[in-house]
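**Q** Would you mind keeping the following structure in view while I ask a few things?
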Amino acid sequence: MVLRVYNTLTRQIEDFVPLNDKKVNMYVCGPTVYDHCHLGHARSYISFDMIRRYLVYRGYDVRYVSNITDVDDKIIARAKETGRDPFELSSRFTLSFIEDMDALNVLRPDVQPRVTEHIPEIIGTIQVLIGRGLAYPTSRGNVYYDLTRSLDRVGILSRQTVEGLLEGSGSRVEVEEDKRYRLDFVLWKSSSESEPGWDSPWGRGRPGWHIECSVMSMKYCAQQLDIHGGGADLIFPHHEAEILQSEGYTGLRPFSRYWLHNGFLTIDNEKMSKSLGNFFTIKKVLEEFPPEVIRFFILNTHYRSTINFSEQHLEEAGRAYERMANTISNIRYAIANAPGKGGDFGLLEEVGQARDSFIMSMDEDFNTREALANLFVFSRRVNAIISENSPDRAALEEVLAFLSEIDEVLGIFGKVLETHEEAAEGMSDGEVEAIIQQREEARKARDWARSDAIRDELKEKGIIVEDGKEGVRWKRS
RNA sequence: GCCGAGGUGACAGAGUGGCUAAUGUGGCCGCCUGCAGAGCGGUUUUCCGGGAGUUCGAAUCUUCCCCUCGGCACCA
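This is the structure:
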């Protein structure tokens, strides 16, 4: 079976063939840190995290680089508004971002370069572009990319036409007076005294928005990438500018073989925006929902589709997730009571089929939605086998091992799989067990009133008691 | 204006030429249970935006129409 991915460059699903056999160089545009990250960021980085994890699962040697843009006009503007130092602001939100990603179980990139630590490289790259006649400095200390040298490349990713752009952009964007051509984009921007800046051959200034990704991806990945990812909103102009800059610098085409873009996240069917007042930060949502549910919710829609967020949908996802988690806990209880021998009652075959269908779904452009649907089918069958038969321990452990195998990709079952009923504040496991023992005695005596009272009491303390065929089980809610 | 995505059961959301159109949530019924929970089974009447076409066969391809959403020079 071959992995197939949707390539924005060709607008088609293609076989995935890296430049270098099993080696994959992957670069994903990171955030501009001028505020806490929102759910849209979560969507994007969870998607690419999943893609990265799946590539590893399929045996690729992945180098994953994702930047942090820590100097930018938005940061400067926000710093001015709040009277803070721009660097203090950006480092604060960088930490916040990393905190959020850790919470969401997004694996850290192999390299996470910051723009402010790469100013010399950026200046060097711009110098080369000027040397090649692809960029020009102006008397005001700005440097622009000369788009008239690459008009044939405009729209290569975005499918925009020069005419369309000229028509559309004029009304919305103030044209910088020192630009030669209206569509030229800035590589280096001069800074005023009060703005952060670095010395350069063109005077004190800072990098333009697109150049940093070109520079850092080439430095830490390769001159030609296998995968370049980011949100769909970055297709134009950001990624197209990156293509022009990078290819202009290296002379190699294509800059990236595959361009992958995740779809938007909307709130109640509207774009998330501050003016609409429907702006959700990751931190805010984490206050109400566990991270694995947020992850499940996001993976429960194909990464390219628009995903519509609402509390209701997240609650629904929580219930669906619970179903999976219950299956895992059913398996564990079965293991605790399983005979050493006795056969697998078809479990091993189910595992084999589940693995095949997982790979089949994921191979088709990372169809996590279908993969999860298959997993629910698997889950139902396992539950049925467990409740009707008594498969032996080895078979049950095989099921658990499979779930933890695919969780290397999904990253949602960690808590349920790895920890036994985790220690919580209040009561120790022993104390809980002791109280449950009392209830067992009451049950034996058919004192249902007392038995139910104990169960209710424990529930108030966050302990859920369930009576099963094999005996009592309990968990912390 | 230009570019793009999409309209599938109560809701969410896969499927993109061919068995009774996944899966989850919700509703209803049943099994199990002292009860509850979890789980399992069943069920939720014509669910594929509309018309025309291609085809033995279309949610899936072509075409027209209607509607929704997004991008358009520093938003993941």
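Residue numbers for the first sequence follow my numbering, beginning at 117 and rising by one.
The beta-carbon is built from N, C-alpha and C at its ideal position, and this holds for glycine as well.
Source: prediction; values computed, not measured.
1. In whole angstroms, what separates the C-alpha of A195 from that of D472?
2. Measuring CB to CB, does D349 end up less than 9 Å from S372?
3. Cβ of S330 within 9 Å of Cβ of Y374?
4. Quick one, which of S212, S207 and E576 has its alpha-carbon nearest H152's?
5. Looking at the strands, I want to know which residues DSSP matches up with P323.
6. Would you mind stating whether G324 and S307 have Cβ atoms separated by less than 9 Å?
7. Between the Cα of S362 and the Cα atoms of N378, S389, G393 and H326, which residue gives the shortest distance?
8. So what does DSSP say about R224, is it helix, strand or coil?
9. Going by DSSP in three states, A251 sits in which element: helix, strand or coil?
10. If you follow the alpha helix (DSSP H) that H429 is in, where does it begin and where does it stop?
11. Provide the residue(s) that pair with H377 in DSSP beta bridges, ordered along the chain.
12. Residues bridged to T185 by DSSP?
13. Classify S495 as buried or exposed, calling it buried when 16 or more other Cβ atoms lie within 10 Å of its own Cβ.
14. State buried or exposed for E440, treating a residue as buried only when at least 16 other CB atoms are found within 10 Å of its CB.
15. Just the C-alpha distance for D572 and D481, rounded to the nearest angstrom, thanks.
16. Do H234 and F395 have their CB atoms nearer than 9 Å?
17. Can you pull the DSSP bridge partners for D583?
18. Once the 5 residues before and after S285 are set aside, which same chain residues still bring their CB inside 8 Å of it?
19. For I129, report the span of its alpha helix (DSSP H) as first-last.
20. R179 and D226: beta carbons closer than 9 Å?
21. For the putative contact between S311 and I192, defined by C-beta atoms under 8 Å, what is the C-beta separation to the nearest angstrom?
22. Residue ranges of each beta strand (DSSP E) run of no fewer than 3 residues wholly in the stretch 460-502, ordered along the chain?
23. With a Cβ-Cβ cutoff of 9 Å, do V181 and N221 count as a contact?
24. Exposed or buried, what is K305 when buried is set at 16 or more other beta-carbons lying within 10 Å of its beta-carbon?
25. When burial is assigned at 16 or more other CB atoms within 10 Å of the CB, is I580 buried or exposed?
26. Using only the alpha-carbon positions, how far apart do F164 and E279 sit?
27. Counting C-beta neighbours from all protein chains within 10 Å, is the total for L376 16 or more, i.e. buried, or is it exposed?
28. Output the distance between the C-alpha atoms of G458 and I501, rounded to the nearest integer angstrom.
29. What residues in its chain sit with their C-beta under 7 Å from that of A511, if we drop five residues either side in the sequence?
30. For the candidate residues H157, T422 and A433, whose alpha-carbon lies nearest to that of G346?
31. For the alpha helix (DSSP H) holding R120, just list the boundary residues, first then last.
32. Using DSSP bridges, identify the partner residues of N424.
33. Could you tell me the alpha carbon to alpha carbon distance between S266 and K531, rounded to whole angstroms?
34. Throw me the rounded Cβ distance for the V259 and Y252 pair, which I believe falls under 8 Å.
35. Between E237 and S445, what straight-line distance do the alpha-carbon atoms span, to the nearest angstrom?
36. Please report the distance separating the alpha-carbon of D384 from that of M478.
**A** Reading off the structure:
1. 52 Å
2. no
3. no
4. S212
5. W304
6. no
7. H326
8. coil
9. strand
10. E427 to A452
11. G346
12. T148
13. buried
14. The sequence shown places Met at residue 440, not Glu. Burial call: buried.
15. 47 Å
16. no
17. V588
18. Note that S285 scores 49 on pLDDT, short of 50, meaning its location in the model is unreliable and no value can be drawn from it.
19. Not the alpha helix (DSSP H): I129 falls in the beta strand (DSSP E), residues Q128 to D131.
20. yes
21. The displayed chain sequence assigns Glu, not Ser, to residue 311. Indeed, because the Cβ distance is near 6 Å, the residues count as touching under 8 Å.
22. none
23. no
24. buried
25. exposed
26. 34 Å
27. buried
28. 13 Å
29. D460, L463 and L464
30. H157
31. Here R120 belongs to no alpha helix (DSSP H); instead the beta strand (DSSP E) covers R120 to N123.
32. T382
33. 52 Å
34. 7 Å
35. 52 Å
36. 28 Å
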